[in-house]
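These notes are about the structure you will find just below.
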Amino acid sequence: MVTSVFQTTQSHQLFAEAQNLMPGGVNSPVRAFKSVGSEPVFIERAEGAYIWDVDGNRYIEYINTWGPSIVGHANPEVIAALQEALPRGTSFGAPTRLENQMAQMVIDAIPAVEMVRFVSSGTEATMSALRLARAYTGREMILKFQGCYHGHADMLLVQAGSGVATLGLPDSPGVPKSTAANTLTAPYNDLEAVAEIFKKYPDQIAALIIEPVVGNAGCIVPNAGFLEGLRTLTEQYGTVLIFDEVMTGFRLSYGGAQARFGIEPDLTCLGKIIGGGLPVGAYAGRRKIMEMVAPAGPMYQAGTLSGNPLAMTAGIKTLEILKRPGAYEKLEQLSARLADGLLNIAKETGHAACGNRVGAMFTLFFTDGPVNNFEDAKGSDLGKFAKFHRGMLERGIYLAPSQFEAAFMSLAHTEADIDATLQAARTVLSAIPR
Ligand code: KE4
């Protein structure tokens, strides 16, 4: 059988051109494959669990465009809904019944949510939620966790994860010292450190924002009692508890991470899945807090494309599909098959490895582990991860190009896809020096 030699000639040419047109040749840093010492492949199209690059290579992909395509790329029902909506126009800058419908779906899905404001990105969602928490409390400081990434608003680019961690940009230039000074950070899973911070600033912290399951340092799972402890401390000190569920919302369950862990935050940030692949974000929560948002209240936030009818259309259809019986059971079964399989193969081929998974998001770390916080994650063998990533790419498996990202499963993946992925992993890991 003639096996086609993996070649990326056209991607290479397009990347050379792109680097002359856009900073780093990309419109979001992690896409540049810099941290895995490689070049990105340019994508021609995607369908279900697969993407094709411009050189005709097909990949089984586990990025889900960083989360949104949980029902599969170009899902026929989502495409049909968009095709039906398109002739009515793409944006009105005025209210639509679609926003009512989507807001009701979010409120019905998430018990802690009584009111919603849609925006156009996760960054807008977290930035606005923090402004709201400051307005509601009259306080200025915020507390985040090392390795957690909440988008690129100035106040959040302090010991962030994802692309910031990937590119070793601990604190991005351009963020005023005065802004960073109001952002406190603590190690994830360290409740004592959080308690100490609250003792030091008992009436100054407006909000504590957290990824309830971290995806942006690789996947990191909250220890038993950690989230409950944060809920108790934030209630004790009058601080707004914000769950950033931009990644976990509607991925870890139909009610997000908060439903899985039985914790009710004061505010919830959403994005990704609720737009079905179109630009979206949302911040949501208790009515008494949300009614401070203009024009109901004095806290200002606005957006030209907020609640965009096409994003609402794709989001509504995506949530309808996720709500069907068996959806999360299938995601759980496929994710466990892959995550457990990868970990077993890594160990069978002699590599130090540990795995973290909650539902349909998981990460294989090249370290003995455990990985309970960002420091642990940074102790992984990043060079080995880069070799693994490259080897898998050449064998038609498309993984996140950074150890500090999560892998995502979709409803479009099959057991055959998982088994093909595991077979490629065994070949690649057998060839990588221990
Ligand atoms: P956006 O502004 O990229 O829509 O959302 C920011 C954001 C907020 N909160 C969480 C928990 C997130 O994961 C994100 C964005 N996630 C990254 C992936 N790690 C997006 C990919 C990228 O930056 O290109």
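Counting in this note's numbering, the sequence shown runs from 43 upward without gaps.
Idealized CB from N, CA, C, for every residue including glycine.
Expected contact under 8 Å - CB spacing of residue i and residue j to nearest Å
i	j	result
residue 374	residue 349	About 31 Å separates the two Cβ atoms, so there is no contact after all.
residue 179	residue 251	About 13 Å separates the two Cβ atoms, so there is no contact after all.
residue 109	residue 293	6 Å
residue 443	residue 75	4 Å
residue 285	residue 233	Between residue 233 and residue 285 the Cβ distance is about 16 Å, and since that is not below 8 Å, they are no contact.
residue 103	residue 95	Incorrect: roughly 11 Å between the Cβ atoms, too far for contact.
Residue closest to residue i, alpha-carbon to alpha-carbon, out of the options
i	options	result
residue 363	163, 329, 159, 117	117
residue 156	446, 333, 56	333
residue 352	120, 154, 329	120
residue 50	166, 97, 474	97
residue 454	71, 105, 59	105
residue 265	305, 414, 386	414
residue 278	246, 295, 285	246
residue 345	323, 213, 150	323
residue 166	137, 196, 141, 143	196
residue 280	193, 263, 371, 184	184
residue 222	237, 199, 263, 204	199
residue 472	448, 139, 430, 88	430
residue 92	435, 467, 468	435
residue 450	69, 88, 228, 114	114
residue 70	194, 101, 125, 152	194
residue 263	48, 214, 412	412
residue 48	159, 101, 215	101
residue 82	216, 321, 68, 89	68
Beta-carbon proximity of residue i to residue j, cut-off 8 Å
i	j	result
residue 261	residue 164	no
residue 325	residue 258	no
residue 282	residue 235	no
residue 313	residue 288	yes
residue 290	residue 337	no
residue 438	residue 99	yes
residue 270	residue 224	no
residue 173	residue 343	yes
residue 230	residue 416	yes
residue 273	residue 305	yes
residue 359	residue 58	no
residue 300	residue 145	no
residue 397	residue 409	no
residue 256	residue 205	no
residue 171	residue 309	yes
residue 488	residue 357	As shown, the chain starts at 43 and ends at 476. That puts residue 488 outside it, with no answer to give.
Separation of residue j from residue i, as counted between CA atoms
i	j	result
residue 107	residue 319	8 Å
residue 161	residue 347	7 Å
residue 303	residue 365	19 Å
residue 210	residue 78	In this prediction, residue 210 has a pLDDT of 49, which is less than 50 and means its spatial position is unreliable; what the coordinates show is noted afterwards. Going by the C-alpha atoms only, they are around 13 Å apart.
residue 476	residue 420	19 Å
residue 80	residue 243	44 Å
residue 186	residue 129	43 Å
residue 395	residue 407	6 Å
residue 459	residue 384	13 Å
residue 440	residue 387	18 Å
residue 226	residue 52	45 Å
residue 452	residue 376	9 Å
residue 465	residue 369	26 Å
residue 403	residue 379	12 Å
residue 470	residue 389	13 Å
residue 127	residue 355	7 Å
residue 220	residue 202	17 Å
residue 61	residue 54	11 Å
residue 241	residue 66	43 Å
residue 218	residue 428	33 Å
residue 331	residue 147	20 Å
residue 425	residue 433	12 Å
residue 2	residue 142	Absent from the structure is residue 2, since the part of the chain shown begins at 43 and ends at 476.
residue 111	residue 339	35 Å
residue 275	residue 135	40 Å
residue 371	residue 296	11 Å
residue 149	residue 132	25 Å
residue 43	residue 463	Bear in mind that the predicted position of residue 43 carries a pLDDT of just 45, short of 50, making it too unreliable to give a figure here.
residue 381	residue 448	11 Å
residue 341	residue 461	51 Å
residue 418	residue 457	31 Å
residue 138	residue 423	50 Å
residue 315	residue 307	20 Å
residue 63	residue 140	37 Å
residue 1	residue 56	For the chain, the structure presents residues 43 to 476; residue 1 sits outside this window and is missing.
Cβ of residue i within 8 Å of any chain D Cβ
i	result
residue 464	Considering every chain present, this structure includes no chain D. It has just one protein chain.
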